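A.B. asks: Got a structure for you, questions after.
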Amino acid sequence: REAVRVNIFDWGRSEFNTLQKHMALSDEEQTDRAQFWGYYKGGIDRLLWESMRAYWHRFGNADGWKEASITIYDFDSMTDHDFIGQVTFPLEEVSERTERLADSRGAQALGCGGKASTVSFSVAYRPLPEGSRLAGVWRVHVAKAANLKACDTLQGRPASDPFAVLEVTSRDGHQRFRQQTSVVINSLNPEWNETLVVPVAASPRRLEAALSEAAAAFGGRAAADICVERVGPLLPPEEASQDEVEPGFRGWRARLDWAASGASTTSGGAVSFGAKVPSPDQLPPG
């Protein structure tokens, strides 16, 4: 974008393509370079968007986390991981306890011999010193699971390669993120003893302040539209479908292009995207 200085290499060559050299190219060659510059900008936009998306869901929640779930999967390197069982619980302090897992239909998950599949975990909250960007962290200790279903029977071994995924959801349901344990090979009674950390932001304005500072590169008119309240809905969580991801990214690019163009400036210096935001179809390929 305008605020980024880039040394452009000639396509498929190692020498610099300076502005003077670019202007000396034929119209066809300049058009070709402009097309690939559009692709480059799309890549930069995607990198920034993905970084914001990950940061907002993990570190941008100051209102608290409402719910958590632990899901056990069997790891498969060639196909989708097999679902084994899940437990959902409110995110609050609790000493180590053992909970029964539910299968994909919500019924009791059963392992070999018809025994109930279980997972053992504990939850603790640790406040952080004043002045930190985080108010504190939830520490979810995933200890072990027992009596899991054998998913690898076709490979001649009645076992699984289980790992656990922790997913948390904010109180308003807008923020979610997930993290996982390591994989335990060939086991129906895995022991992880791993602690997964869930951050709680000290202030919801931290990210907005960073966005406003970045938007200043485009001029003051951009700050009102490149902010958490407007950008947040364009940042779907990690597990979102492509139907959610691509519109979010296109909307993000539309805001960057509109802010950079200066077309949204009103007589009073305010900014309004509204109906004037260019549609995703008007954006260059990314």
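Under the working numbering, the residues of the sequence shown are numbered 1 to 286, in order.
In this text, a Cβ means the ideal position worked out from N, Cα and C, and glycines have one as well.
Remember, predicted model here, so these are calculated numbers, not experimental data.
1. With a threshold of 16 other CB atoms inside 10 Å of the CB of Ser39, please say whether the residue is buried or exposed.
2. So for Asp45, helix, strand or coil by DSSP?
3. Within the segment 143 to 200, note down every full beta strand (DSSP E) run reaching 3 residues or more, in order along the chain.
4. Give the single residue among Leu188, Glu191, His174 and Leu256 whose Cα lies nearest to the Cα of Leu235.
5. Could you please give me the residues that DSSP links to Gln108 through a beta bridge?
6. Using the three-state DSSP reduction, which class does Ala68 fall into: helix, strand or coil?
7. So what does Ala54 bridge to, in DSSP terms?
8. Distance, Cα to Cα, Glu28 vs His22?
9. Quick check on Lys41: buried or exposed, where buried means 16 or more other Cβ atoms within 10 Å of its Cβ?
10. Where does Gln20 fall in DSSP's three states?
11. So Leu134 packs on Ala202, CB below 8 angstroms; how close in whole Å?
12. Ordered along the chain, which non-local residues of its own chain (more than five positions away) have a Cβ less than 8 angstroms from that of Val94?
13. By Cβ distance, which residues of its chain are closer than 6 angstroms to Gly12, with the 5 residues on each side in sequence left out?
14. Apart from the five residues on each side of it in sequence, which residues of its chain come closer than 6 angstroms, Cβ to Cβ, to Cys151?
15. Using the beta-carbon count (16 or more within 10 Å), is Asp243 buried or exposed?
16. Report the three-state DSSP secondary structure of Gly251 (helix, strand or coil).
17. Got a sec, what are the start and stop residues for the beta strand (DSSP E) Gly85 sits in?
18. Taking only the alpha-carbon atoms, compute the straight-line gap between Gly111 and Leu128 and give it to the nearest angstrom.
19. When the distance is taken between beta carbons, is Phe177 closer than 9 angstroms to Val183?
20. Looking at Leu196: is its Cβ nearer than 9 angstroms to the Cβ of Val142?
21. Tell me whether Ala68 is buried or exposed, calling it buried when 16 or more other Cβ atoms sit within 10 Å of its Cβ.
22. For Glu96, which residues in the same chain have their Cβ closer than 8 angstroms to its Cβ, ignoring the five residues on either side in sequence?
23. Shortest alpha-carbon distance to Gln86 belongs to which of Asp63, Glu99 and Ser187?
24. When the Cα atoms are used, what is the spatial distance from Ser104 to Ala164?
C.D. replies: Checking against the coordinates, here is how it stands:
1. Reading off the sequence shown, one finds Tyr at residue 39, where the question assumed Ser. Exposed, by the Cβ-count rule.
2. helix
3. 162 to 170 and 176 to 180
4. His174
5. Ala102
6. strand
7. Looking at the DSSP assignment, Ala54 forms no beta bridge with any residue, so it has no partner.
8. 11 angstroms
9. buried
10. helix
11. 6 angstroms
12. Ser122 and Val123
13. Any reading at Gly12 must be qualified, since the residue scores a pLDDT of 48, below 50, and its modelled position is unreliable; the value itself is stated next. Cβ within range, chain order: n/a, list empty.
14. Asp74, Asp82 and Ser160
15. exposed
16. In the structure shown, Gly251 sits in a helix (DSSP, three-state: H, G or I).
17. For Gly85, the enclosing beta strand (DSSP E) stretches over residues Asp82 to Pro90.
18. Taking the straight line joining both Cα atoms gives about 41 angstroms.
19. It is not a contact, given that the beta carbons lie outside the stated cut-off.
20. yes
21. buried
22. Ser120, Phe121, Ser122, His141 and Ala143
23. Glu99
24. 15 angstroms
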